[in-house]
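*Asks:*
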Amino acid sequence: MALLSLNDANLKALISSLADEFNGDPKWLSQEVFRWHHKKIGWLKGRCITATNTEQTIYTRLSKEQDLDALCNPKRDAIHNAQNSTQHTSAPKAIYKKEHLHLSFLHWIHGDTLSNEVRQGNVQHPWLQDIEQSLARLHSSGFIHGDIKPNNIIIGRKQAHLIDFSTAMPIGQHFKHLPFAATSPSYSSPQQKTLQGRVCPSDDWYALALTLCASFKSHPYYPRHSTPSSRAIADHSNAFQLPAELPARYHMIIRNKLRAYHQ
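In my numbering, the protein residues as written are 205 to 467.
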């Protein structure tokens with residue numbers, strides 16, 4: 205994949221062809237991501253990817269992201285519902301393609317990230333159960349999320365949502381055989397970071413356990429009022445102190461994952 209220019213001719217052509225279905229112009233959040241208000245559905249999240257030799261792989265990957273997002277967040281699958289409703293005959297397609305450019309849409313989630321909520325001391329929603337249920341549905345489909353962290357959890361008014369399925373990985377495949385290697389060093393399991401072994405659900409549960417630690421402002425790799433411990437991250441140390449608020453089952457998940465790595 206290559207970085208996308210907002211002046212890309214194919215991008216401008218695609219945006220122009222969709223303009224009648226939306227209000228105003230898209231609001232760009234990065235070189236790849238924007239939000240745009242659809243006249244009948246509401247706010248949507250758009251994502252653009254440009255590739256040179258892997259068009260079918262990119263299309264398949266974007267389709268899988270959308271399927272997994274809908275699976276984990278069934279109550280907010282507005283595009284799918286609109287496409288199957290007689291009330292929304294002009295619902296956007298899930299994915300558009302023009303030459304090497306792919307454009308996908310997902311429903312925009314209203315809320316704030318868990319990381320911002322923790323930083324502001326506003327975490328009030330019991331978010332953990334929602335995310336656990338989403339992970340259970342995801343794993344039953346044969347995939348892990350692959351990048352569980354506070355920035356990928358949105359706290360809405362009534363529900364917490366798991367977002368960004370771009371790093372979803374098939375359970376059972378060896379990490380070294382994946383077409384990409386994406387990790388978040390402070391949350392990914394040591395097996396995932398070092399590409400050892402096969403993808404398994406415990407990689408997600410480990411990352412969720414550390415996310416839960418972070419929600420208590422007690423991330424084990426980030427001691428209170430100190431700089432990140434690069435040594436602990438590199439060594440996946442068993443010596444760090446877990447917060448007392450962490451449920452016992454998550455203590456066990458972290459310990460078992462580290463024990464398996466050091467064996």
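C-beta atoms are modelled at their ideal positions from N, C-alpha and C, and glycine is treated no differently.
Figure out for me which residue from T415, W409, H466, N460 has the closest Cα to the Cα of E449.
*Replies:* For this step, residue 449 is matched to residue 245 along the sequence shown. For E449, the nearest C-alpha among the options comes from T415.
*Asks:* Under the three-state reduction of DSSP, which class applies to F238: helix, strand or coil?
*Replies:* Indexing the sequence shown from 1 puts residue 238 at position 34. Note: F238 maps to strand in three-state DSSP.
*Asks:* DSSP three-state call for I335: helix, strand or coil?
*Replies:* Taking the first residue of the sequence shown as 1, we reach residue 335 at position 131. DSSP places I335 in helix when its eight states are reduced to three.
*Asks:* Quick one: grab the DSSP three-state call for T261.
*Replies:* Your numbering for residue 261 matches position 57 in the sequence shown. Correct three-state label for T261: helix.
*Asks:* Can you give me the C-alpha to C-alpha distance between R323 and L222, rounded to a whole angstrom?
*Replies:* For this step, residue 323 is matched to residue 119 along the sequence shown. For this step, residue 222 is matched to residue 18 along the sequence shown. Spanning the two alpha carbons is a distance of roughly 38 Å.
*Asks:* On a CA-only basis, which of A364, H349, H381 is nearest E269? Give me that one, please.
*Replies:* Position 65 of the sequence shown, counted from the first residue, corresponds to residue 269. If we check each option's Cα against that of E269, H349 comes out closest.
*Asks:* Within 10 angstroms of its Cβ, does E336 collect 16 or more other Cβ (buried), or is it exposed?
*Replies:* Counting from one through the sequence shown, the residue named residue 336 turns up at place 132. Classification of E336: exposed, given that the 10 Å Cβ count is below 16.
*Asks:* Could you give the DSSP three-state label for S308: helix, strand or coil?
*Replies:* Your numbering for residue 308 matches position 104 in the sequence shown. It is a strand residue.
*Asks:* Leaving out the 5 sequence neighbours to the left and right, which residues in its chain are closer than 6 Å to C276 when beta-carbon positions are compared?
*Replies:* Position 72 of the sequence shown, counted from the first residue, corresponds to residue 276. Counting only Cβ-Cβ distances below 6 Å, and skipping sequence neighbours, we find S338, R341, L342, L366.
*Asks:* Name the two residues that bound the continuous beta strand (DSSP E) containing A364.
*Replies:* Residue mapping note: residue 364 aligns to position 160 of the sequence shown, counting from 1. Counting along the chain, the beta strand (DSSP E) containing A364 begins and ends at 364–366.
*Asks:* Can you tell me where the alpha helix (DSSP H) with N355 in it begins and where it stops?
*Replies:* Along the sequence shown, one-based indexing puts residue 355 at 151. Neither: N355 is in no alpha helix (DSSP H) and is coded neither H nor E.
*Asks:* Measuring alpha carbon to alpha carbon, tell me which residue in S267, N320, L332, Q445 is nearest K301.
*Replies:* Here residue 301 corresponds to residue number 97 of the sequence shown, with the count starting at 1. The residue with the shortest Cα to Cα distance from K301 is S267.
*Asks:* Kindly indicate which three-state DSSP category D229 falls into: helix, strand or coil?
*Replies:* Locating residue 229 in the sequence shown gives position 25, counting from the first residue. Three-state DSSP puts D229 in a strand.
*Asks:* Tell me whether Q291 sits in a helix, a strand or coil according to DSSP, three-state version.
*Replies:* Residue mapping note: residue 291 aligns to position 87 of the sequence shown, counting from 1. Residue placement at Q291 is flagged as unreliable, the pLDDT there being 41, under the threshold of 50; a coordinate-derived value is accordingly withheld.
*Asks:* Do the stretch 450–466 and the stretch 372–387 touch if we need at least three Cβ pairs shorter than 8 Å?
*Replies:* The stretch 450–466 vs the stretch 372–387: no contact.
*Asks:* In whole angstroms, what is the alpha-carbon distance linking W232 and Q467?
*Replies:* In the sequence shown, residue 232 corresponds to position 28, counting from 1. In the sequence shown, residue 467 corresponds to position 263, counting from 1. Rounded to the nearest angstrom, the two C-alpha atoms are 47 Å apart.
*Asks:* Can you give me the C-alpha to C-alpha distance between P447 and A213, rounded to a whole angstrom?
*Replies:* Translated into positions along the sequence shown, residue 447 becomes position 243. Translated into positions along the sequence shown, residue 213 becomes position 9. Rounded to whole angstroms, P447 to A213 spans 52 Å at the Cα level.
*Asks:* So, with DSSP's three-state summary, where would you put C252?
*Replies:* To locate residue 252, count along the sequence shown from 1; it is residue 48. C252: strand per DSSP, three-state reduction.
*Asks:* Residues in the same chain with beta-carbon distance under 8 Å from G360, minus the five sequence neighbours each way, listed in chain order, please.
*Replies:* Translated into the one-based positions of the sequence shown, residue 360 becomes position 156. So the qualifying residues of the chain are I313, H314, G315, H329.
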